[in-house]
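Just so you know, full-length UniProt numbering puts 304 at position 304 of the sequence shown, and the rest follows in order with no gaps.
Here a beta-carbon is modelled for each residue, glycine too, at the ideal position from N, C-alpha and C.
Heads up: the structure comes next, in structure tokens.
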Amino acid sequence: MSVQPAPGNYAPTGSRPHWPILRKKQVFVVPIIAIAVGAIVMTILILIAVLPTPPIGILAVLISALASALGIFLLIWLDRWEPEPPHLLVSAFFWGAGVSVLFVFLISPVLALVGGSGDFFGAVISAPLVEESAKGLFLVLVLLVTRRGRAEFNSLTDALVYAGFVGIGFSFVEDMLYIAGQESVSGALTVAGLRIGLGAWAHSIYTAMTAIGLWLAVSQRGPSRFVWPFVGWAVAVMLHAIHNGSAFLGLGAWALSLLLFSLPAFVVFVLIAVRSHRREGSVVQAQIPIMVHNGWITPDEASWLGNLRSRRMALAHAKGQGSGERKRVAAFRDNVTELAFVRDRLDRMGPPYSPELMQHHDELVGIINANKEWVQQQLAPVPQGWQAMPPQPGLEYRTPESMQ
1 MSVQPAPGNY
11 APTGSRPHWP
21 ILRKKQVFVV
31 PIIAIAVGAI
41 VMTILILIAV
51 LPTPPIGILA
61 VLISALASAL
71 GIFLLIWLDR
81 WEPEPPHLLV
91 SAFFWGAGVS
101 VLFVFLISPV
111 LALVGGSGDF
121 FGAVISAPLV
131 EESAKGLFLV
141 LVLLVTRRGR
151 AEFNSLTDAL
161 VYAGFVGIGF
171 SFVEDMLYIA
181 GQESVSGALT
191 VAGLRIGLGA
201 WAHSIYTAMT
211 AIGLWLAVSQ
221 RGPSRFVWPF
231 VGWAVAVMLH
241 AIHNGSAFLG
251 LGAWALSLLL
261 FSLPAFVVFV
271 LIAVRSHRRE
281 GSVVQAQIPI
291 MVHNGWITPD
301 EASWLGNLRS
311 RRMALAHAKG
321 QGSGERKRVA
331 AFRDNVTELA
341 FVRDRLDRMG
351 PPYSPELMQH
361 HDELVGIINA
371 NKEWVQQQLA
381 PVPQGWQAMP
391 PQPGLEYRTP
401 ESMQ
């Protein structure tokens with residue numbers, strides 16, 4: 001992650017001085033390609049679903065879109081401490097809805113040449129292997145290959161959110177095509193009830209297993225970091241294969257597999273997500289006093305950065321001053337939160353400290369220092385009644401050489 005100045009006078013009123021803006025550089029090339037390719041493929045699939053029988057096709061699109069919208073709403077609610085860049089979330093959705101589907105169309109016929117073209121092989125062997133690999137590839141290419149991408153992979157919540165968006169995109173297309181393939185409205189509603197009612201967001205759960213493995217890999221040292229991604233992917237493939245294979249044993253066996261495997265996996269996903277969300281708040285509240293001690297943020301800023309309600313109030317006030325002010329306050333909030341997560345990772349991993357994480361740490365400090373005075377004055381007129389957060393010392397990661 002590197003920073004760049006951007007011109008513009010965001011001083012809210014009167015004689016307040018002009019401060020240059022420092023922003024993080026983002027990863028854009030692969031996400032933009034994913035959005036473009038995914039949008040084209042998804043549009044073609046929607047036309048395939050709608051054109052043969054428009055009433056059923058439109059119903060399929062609407063039902064799938066409603067289920068997707070609900071899943072996206074829940075993921076955005078979960079991702080409140082450090083909201084992910086919108087362009088990355090959009091690219092994750094279109095990767096699932098288009099790019100990964102394209103991979104499946106291209107690779108599945110090759111596997112069929114090796115293992116045969118039977119329904120059982122396609123559903124139980126080929127589909128889980130290809131689909132989970134295609135979906136997980138987003139996490140690797142966009143978030144882990146480049147340093148800018150890794151800078152957005154800061155917590156387990158981030159991993160689950162990106163995996164959720166990829167899975168929702170894939171589920172939208174798959175559910176839509178299955179529902180649209182029915183010959184009657186009643187048949188379409190029955191399939192919709194079975195696929196969405198009993199197997200809601202199954203692909204997000206599968207992809208989350210891969211994401212958890214990747215997060216465990218980047219969060220520790222030692223040989224195990226090379227094992228965890230494979231373990232996570234293998235669990236995703238296994239759950240997917242069990243789900244698909246049970247359908248060959250009848251509706252009762254399929255429902256039983258949902259009860260014994262898919263439902264527990266969904267419960268585990270929810271528990272991990274909620275626990276990770278709460279832990280994010282604990283990390284922020286533990287690290288903010290250290291930032292005050294080091295002079296990176298002021299005690300007044302710490303008072304509203306420490307809880308979600310005060311953050312909403314601060315953003316609401318900034319919005320009243322203009323969209324530019326709100327965006328800058330939101331960026332300051334996100335950078336402080338990201339710095340808290342980076343420091344927590346350094347604390348947990350211990351010395352010798354990762355040079356990349358230390359560089360990430362120092363660049364965030366630079367961005368925050370460049371904006372803290374502006375943010376302090378921007379929010380100073382607000383009669384919030386917040387109590388200043390007292391400072392406390394913490395670990396210093398910068399070496400004597402880097403401080404010269």
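Reduced DSSP category for residue 407 - H, G, I as helix; E, B as strand; rest coil: No statement about residue 407 is possible, as the shown extent of the chain runs from 1 to 404 and does not include it.
Cβ pair count under 8 Å reaching 3, the region 320 to 340 against the region 253 to 263: no
Environment of proline 383 [buried if 16+ CB atoms lie within 10 Å]: In the sequence shown, residue 383 corresponds to position 383, counting from 1. The predicted position of proline 383 is uncertain, since its pLDDT is 48 and thus under 50; a value taken from the coordinates is nonetheless stated next. Burial call: exposed.
As assigned by DSSP and simplified to three states, the class of serine 100: Locating residue 100 in the sequence shown gives position 100, where the first residue counts as 1. Correct three-state label for serine 100: helix.
Simplified DSSP state of proline 383, which is helix, strand or coil: Position 383 of the sequence shown, counted from the start, is the residue given in the question as residue 383. Only weak support is given to the placement of proline 383: the predicted model assigns it a pLDDT of 48, under 50, and the value that follows is read from those uncertain coordinates. In the structure shown, proline 383 sits in coil (DSSP, three-state: anything other than H, G, I, E or B).
Chain C contact for serine 282 (CB, 8 Å cutoff): Protein chain content of the structure displayed is limited to a single chain, and chain C is not contained in it.
Simplified DSSP state of phenylalanine 341, which is helix, strand or coil: Here residue 341 corresponds to residue number 341 of the sequence shown, with the count starting at 1. Here phenylalanine 341 sits in helix by DSSP.
DSSP state of valine 218 mapped onto helix, strand, coil: Stepping through the sequence shown from its first residue, residue 218 is reached at position 218. In this structure, valine 218 counts as helix in the three-state DSSP scheme.
Length of the line joining the Cα atoms of residue 414 and histidine 293: There is no way to answer for residue 414, as the model of the chain reaches only from 1 to 404.
Option nearest isoleucine 179 by Cα separation, candidates Phe165, Glu356 and Ile196: The residue you call residue 179 lines up with position 179 of the sequence shown. Nearest C-alpha to isoleucine 179: Ile196.
Own chain residues within Cβ distance below 6 Å of glycine 245, not counting five before or after: Counted from its first residue, the sequence shown places residue 245 at position 245. Closer than 6 Å at Cβ, skipping near neighbours: Val124.
Phenylalanine 155 and serine 276 closer than 8 Å at C-beta: As a working note, residue 155 is residue 155 in the sequence shown. As a working note, residue 276 is residue 276 in the sequence shown. The sequence given here has serine at residue 155, not phenylalanine. In this structure, serine 276 lies closer than 8 Å to serine 155 by Cβ.
Length of the line joining the Cα atoms of serine 310 and isoleucine 242: As a first step, residue 310 is located in the sequence shown; it is residue number 310 there, counting from the start. As a first step, residue 242 is located in the sequence shown; it is residue number 242 there, counting from the start. When rounded, the distance between both Cα atoms is 45 Å.
Alpha carbon of glycine 181 to alpha carbon of leucine 111, nearest angstrom: Counted from its first residue, the sequence shown places residue 181 at position 181. Counted from its first residue, the sequence shown places residue 111 at position 111. In a straight line, the C-alpha of glycine 181 is about 25 Å away from that of leucine 111.
Assigned secondary structure, serine 257 (DSSP; H/G/I helix, E/B strand, else coil): Stepping through the sequence shown from its first residue, residue 257 is reached at position 257. Serine 257 falls in the helix class under three-state DSSP.
Glycine 350 (DSSP reduced to helix, strand or coil): In the sequence shown, residue 350 corresponds to position 350, counting from 1. Of the three classes helix, strand and coil, the one that applies to glycine 350 here is coil, per DSSP.
Straight-line Cα distance separating aspartate 119 from glutamate 84: Along the sequence shown, one-based indexing puts residue 84 at 84. Along the sequence shown, one-based indexing puts residue 119 at 119. Each residue's Cα considered, the two are about 39 Å apart.
Simplified DSSP assignment, three categories, for serine 155: Against the sequence shown, residue 155 aligns to sequence position 155. The answer is coil: DSSP assigns serine 155 none of H, G, I, E or B.
Contact under 8 Å by Cβ, alanine 200 with alanine 60: As a first step, residue 200 is located in the sequence shown; it is residue number 200 there, counting from the start. As a first step, residue 60 is located in the sequence shown; it is residue number 60 there, counting from the start. No; because the gap between Cβ atoms is not below 8 Å, this pair is not in contact.
Residue 430 - DSSP class collapsed to helix/strand/coil: Nothing in the structure corresponds to residue 430, since the chain is present only between 1 and 404.
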